[in-house]
Amino acid sequence: MDEETIVRICSTAFLVEEIESAKNLLFEALPAKQRNVSRKGSGKSTRDLYDIISVLKQADPEEIPIFVAKELHKLPPVTFDHVDVTRLLKDILILQKDLIEIKDTYVTSTQLNEVKNEVENLKQASIVNNFDLNVNQKRGGSCRIDSFCLDSGPSGLPHITERVHLKDNGNTSAVTNNEANNLSTL
Numbered sequence: 281m282d283e284e285t286i287v288r289i290c291s292t293a294f295l296v297e298e299i300e301s302a303k304n305l306l307f308e309a310l311p312a313k314q315r316n317v318s319r320k321g322s323g324k325s326t327r328d329l330y331d332i333i334s335v336l337k338q339a340d341p342e343e344i345p346i347f348v349a350k351e352l353h354k355l356p357p358v359t360f361d362h363v364d365v366t367r368l369l370k371d372i373l374i375l376q377k378d379l380i381e382i383k384d385t386y387v388t389s390t391q392l393n394e395v396k397n398e399v400e401n402l403k404q405a406s407i408v409n410n411f412d413l414n415v416n417q418k419r420g421g422s423c424r425i426d427s428f429c430l431d432s433g434p435s436g437l438p439h440i441t442e443r444v445h446l447k448d449n450g451n452t453s454a455v456t457n458n459e460a461n462n463l464s465t466l
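Residue numbers for the sequence shown follow my numbering, so the first one is 281 and each next one is one higher.
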């Protein structure tokens with residue numbers, strides 16, 4: 281709202297004494313950067329209102345006291361003429377962005393019900409073990425391949441270290457299986 285509109289609304293809604301007491305209260309509440317000038321003559325309330333506006337513009341926002349209205353019926357009505365349209369547009373844009381985010385990230389009630397039904401069906405379904413059909417259970421084949429007793433780990437199966445007897449030019453020597461493989465490749 282521009283200054284002229286504020287002055288026009290306040291000068292018609294409030295008495296001269298109310299405007300003067302509001303001005304004095306504001307000057308007492310703020311540090312003395314500007315002198316409180318007593319206005320006289322015709323147009324006193326209008327000039328007092330301009331003084332109030334100029335003090336509020338020049339003051340540090342942190343130093344401005346918070347005022348409340350005790351008698352709300354004395355406040356002038358706010359119509360659409362006096363509403364800050366740019367602020368409303370910003371709020372609408374923020375709401376639209378939030379709504380789009382909600383639509384993108386949240387699930388619908390039908391999707392939630394479908395997932396609930398799938399979980400219920402999985403809870404009630406019996407798990408059938410079809411993996412051991414061709415395994416001889418009587419001879420110790422019940423350990424599965426993914427069991428810990430047959431798992432060789434990341435390095436593969438351990439090397440067999442059984443001794444093999446080799447005949448080399450009539451000499452017999454005992455070597456491990458790995459050594460025999462190395463000798464045969466030479």
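Ideal Cβ placement from N, Cα and C applies to all residues, glycine included. These numbers were taken from a predicted model, which means no experiment stands behind them.
Classification of residue i by the beta-carbon crowding that lies within 10 angstroms, buried from 16 upward
i: K320; result: exposed
i: D328; result: buried
i: I380; result: exposed
i: K396; result: exposed
i: H445; result: Confidence at H445 is low in this model, with a pLDDT of 49, below 50, so its placement is unreliable and the value that follows should be read with caution. Exposed, because fewer than 16 other Cβ atoms sit within 10 Å of the Cβ of H445.
Endpoints, alpha helix (DSSP H) assigned at residue i
i: E394; result: S389 to Q404
i: L373; result: V365 to T385
i: E284; result: E283 to A293
As assigned by DSSP and simplified to three states, the class of residue i
i: F347; result: coil
i: K313; result: coil
i: S301; result: helix
i: R319; result: coil
i: E308; result: helix
i: V444; result: The predicted model places V444 with a pLDDT of 47, which falls under 50 and marks its position as unreliable, so this point remains unresolved.
i: D361; result: helix
i: L355; result: coil
i: D340; result: coil
Of the listed residues the options, nearest to residue i (C-alpha basis)
i: A339; options: A312, L369, V317 and S318; result: A312
i: H353; options: A293, D282 and M281; result: A293
i: I286; options: Q376, L310, V399 and D364; result: D364
i: I332; options: R367, D371 and S318; result: S318
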